[in-house]
Amino acid sequence: MCTHFNLTSFTETTFTQFNPYDAMLVVMPLFHGFGFTLMYMNLIRGKSLILLDKFKPRTFLEALVKYRVTRLSVPPPLILFLIKHPLVKEYDLSSIKEIRSGAAPLSADIQKELKEKFQAEHVSQAYGMTETTLSVLAVPPGGLEKIGSSGKVVPGMMAKVVDQQGRSLGKYQRGELCFKGPLVMKGYVDNPEATRNTIDKDGWLHSGDIIYYDDDGYFYIVDRLKELIKYNGFQVAPAELEALLVNHPSIDDVAVVGLPDEALGELPLAFAVKKPSSNLTEQDVEKFVEDHVSPGKRLKGGVIFVAEIPRNPSGKILRRVLKEKAIEIKAKA
Numbered sequence: 001m002c003t004h005f006n007l008t009s010f011t012e013t014t015f016t017q018f019n020p021y022d023a024m025l026v027v028m029p030l031f032h033g034f035g036f037t038l039m040y041m042n043l044i045r046g047k048s049l050i051l052l053d054k055f056k057p058r059t060f061l062e063a064l065v066k067y068r069v070t071r072l073s074v075p076p077p078l079i080l081f082l083i084k085h086p087l088v089k090e091y092d093l094s095s096i097k098e099i100r101s102g103a104a105p106l107s108a109d110i111q112k113e114l115k116e117k118f119q120a121e122h123v124s125q126a127y128g129m130t131e132t133t134l135s136v137l138a139v140p141p142g143g144l145e146k147i148g149s150s151g152k153v154v155p156g157m158m159a160k161v162v163d164q165q166g167r168s169l170g171k172y173q174r175g176e177l178c179f180k181g182p183l184v185m186k187g188y189v190d191n192p193e194a195t196r197n198t199i200d201k202d203g204w205l206h207s208g209d210i211i212y213y214d215d216d217g218y219f220y221i222v223d224r225l226k227e228l229i230k231y232n233g234f235q236v237a238p239a240e241l242e243a244l245l246v247n248h249p250s251i252d253d254v255a256v257v258g259l260p261d262e263a264l265g266e267l268p269l270a271f272a273v274k275k276p277s278s279n280l281t282e283q284d285v286e287k288f289v290e291d292h293v294s295p296g297k298r299l300k301g302g303v304i305f306v307a308e309i310p311r312n313p314s315g316k317i318l319r320r321v322l323k324e325k326a327i328e329i330k331a332k333a
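Under the UniProt record's numbering, the sequence shown has 133 at position 133, and the numbering climbs by one with no breaks.
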């Protein structure tokens with residue numbers, strides 16, 4: 001439950017500059033926190049707002065050109081579309097001055113490639129949760145745009161990184177990210193147990209995300225705590241392998257999950273979408289990963305080629321669906 005107080009606080013805490021000449025395109029569904037807050041924040045600031053009912057490649061690109069969109073906030077799958085899809089070359093997107101990614105982590109390499117391709121004034125990513133009325137980490141106006149970082153804590157909010165025992169950690173130490181402040185939700189509807197498991201007795205909301213921060217107070221997302229693959233005593237972050245694989249010249253999209261194994265716990269397995277006409281093999285992908293990571297992070301579970309990676313409306317990978325599919329495929333092998 002996000003209250004009216006949460007929403008009014010959001011208008012005061014978020015890093016958003018007012019410019020009535022800006023045009024913002026919203027392609028995210030409005031039932032999702034990302035789409036709703038984009039619409040809400042830009043309307044109250046007097047910006048032009050263009051809404052699309054769903055994502056269609058040509059419609060999306062034509063809207064960017066027709067309305068001279070200046071600011072774009074989209075999830076990583078649309079960032080990959082802007083970088084890799086051949087249609088993009090047919091359109092003049094020079095009006096875009098700022099591109100911000102959200103809803104899921106964006107790899108440092110992809111962020112760098114995006115900045116180089118579009119030459120936008122600002123390219124960054126933000127971090128938020130429905131439980132925190134969305135964005136609680138972002139790059140402030142005039143702040144450093146550090147590649148791979150989700151920015152700093154927004155005004156009015158507090159953050160800390162803790163270990164498994166709940167002890168606060170220092171700079172560059174990886175742990176769970178926690179928040180406290182006016183953007184934290186009231187709780188889950190009719191589910192006090194889930195609320196207690198998420199918000200502790202001191203009012204800190206536990207995000208379930210593994211993260212660290214640097215000397216300047218900029219935060220970097222590592223992965224979801226619950227999505228870490230436990231392989232033979234090692235913890236493997238799917239996002240790390242995905243960031244590597246998505247930069248392979250013959251791969252359009254990718255997702256990594258843990259395949260259950262009685263002896264070793266879980267085996268890293270990759271689902272990959274090949275570029276059209278690519279002759280890439282499973283062995284090629286495994287060798288590519290082997291050449292770039294330590295032994296504990298190799299794709300011991302193998303590689304499965306698919307037509308697309310299943311995602312929810314906000315762009316997050318549906319790992320449970322993929323995990324079930326992997327178990328089913330391996331059982332038949």
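Just so you know, even glycine gets a beta-carbon here, dropped at the ideal spot from N, CA and C.
Short Cβ contact (9 Å threshold) for residue i with residue j
i, j, result
"Tyr212", "Gly296", "no"
"Lys332", "Gly302", "no"
"Tyr127", "Ala120", "no"
"Phe118", "Ile96", "yes"
"Leu51", "Leu30", "yes"
"Thr68", "Arg100", "According to the sequence displayed, residue 68 carries Arg and not Thr. Cβ distance not < 9 Å, so Arg68 and Arg100 don't count as in contact."
"Val161", "Gly142", "no"
"Leu225", "Asp209", "yes"
"Arg298", "Glu227", "no"
"Lys316", "Pro86", "no"
"Val189", "Ile229", "no"
"Lys171", "Asp214", "yes"
"Asp202", "Lys186", "no"
"Ile309", "Leu259", "no"
"Glu131", "Leu205", "yes"
"Phe55", "Ser135", "no"
"Phe34", "Ser207", "no"
Extent of the continuous alpha helix (DSSP H) to which residue i belongs
i, result
"Glu240", "Pro238 to Leu245"
"Val289", "Glu282 to Glu290"
"Leu87", "No alpha helix (DSSP H) holds Leu87; DSSP gives it neither H nor E."
Pairwise C-alpha distance: residue j and residue i
i, j, result
"Glu290", "Ala307", "24 Å"
"Pro192", "Cys2", "15 Å"
"Ala108", "Met39", "27 Å"
"Gly156", "Phe288", "44 Å"
"Arg167", "Ser94", "47 Å"
"Ser278", "Phe305", "12 Å"
"Glu262", "Leu245", "27 Å"
"Thr37", "Ala159", "21 Å"
"Gly265", "Pro276", "35 Å"
"His122", "Pro140", "11 Å"
"His32", "Ser73", "14 Å"
"Ser149", "Thr59", "31 Å"
"Phe5", "Pro20", "25 Å"
"Glu98", "Leu106", "16 Å"
"Asn247", "Lys47", "35 Å"
Residue i - containing beta strand (DSSP E), residue span
i, result
"Gln111", "Not the beta strand (DSSP E): Gln111 falls in the alpha helix (DSSP H), residues Ala108 to Phe118."
"Gln125", "His122 to Gln125"
"Val303", "Gly302 to Phe305"
"Met39", "Looking at the DSSP string, Met39 is not in any beta strand (DSSP E); the run it does join, the alpha helix (DSSP H), is Gly33 to Ile44."
"Glu324", "That residue, Glu324, is in no beta strand (DSSP E); its alpha helix (DSSP H) goes Arg319 to Lys332."
"Arg167", "No beta strand (DSSP E) contains Arg167, which DSSP labels as neither H nor E."
"Leu64", "No beta strand (DSSP E) contains Leu64, which is instead part of the alpha helix (DSSP H) from Pro57 to Lys66."
"Ala103", "Here Ala103 belongs to no beta strand (DSSP E), and DSSP marks it neither H nor E."
"residue 340", "With the chain covering 1 to 333 only, the question about residue 340 has no answer from this structure."
"Ser207", "Leu205 to Tyr213"
"Asp216", "Run containing Asp216: none; DSSP gives neither H nor E here."
Sheet register partners of residue i (DSSP bridge)
i, result
"Ala159", "Phe179"
"Leu267", "Leu259"
"Gln235", "Lys230"
"Leu138", "The displayed chain sequence assigns Ala, not Leu, to residue 138. Note: Ala138 sits in a beta bridge opposite Lys152."
"Asp200", "BP columns for Asp200 are empty, so no partner."
"Gly128", "Ser135"
"Met1", "Looking at the DSSP assignment, Met1 forms no beta bridge with any residue, so it has no partner."
"Met24", "Leu49 and Arg71"
"Ala272", "Val254 and Phe305"
"Asp223", "Ile210"
"Glu98", "Arg71 and His122"
"Gly311", "Per the sequence shown, residue 311 should be read as Arg rather than Gly. Arg311 is bridged to Ile317."
So, does the segment 267–287 touch the segment 240–247, judging by three or more C-beta pairs under 8 Å?
yes
Just checking, does the segment 98–117 make contact with the segment 69–85 on the three C-beta pairs under 8 Å criterion?
Yes: the two stretches touch, three or more of their Cβ pairs being nearer than 8 Å.
Meets three-Cβ-pair contact criterion under 8 Å: the segment 245–262 and the segment 203–222
no
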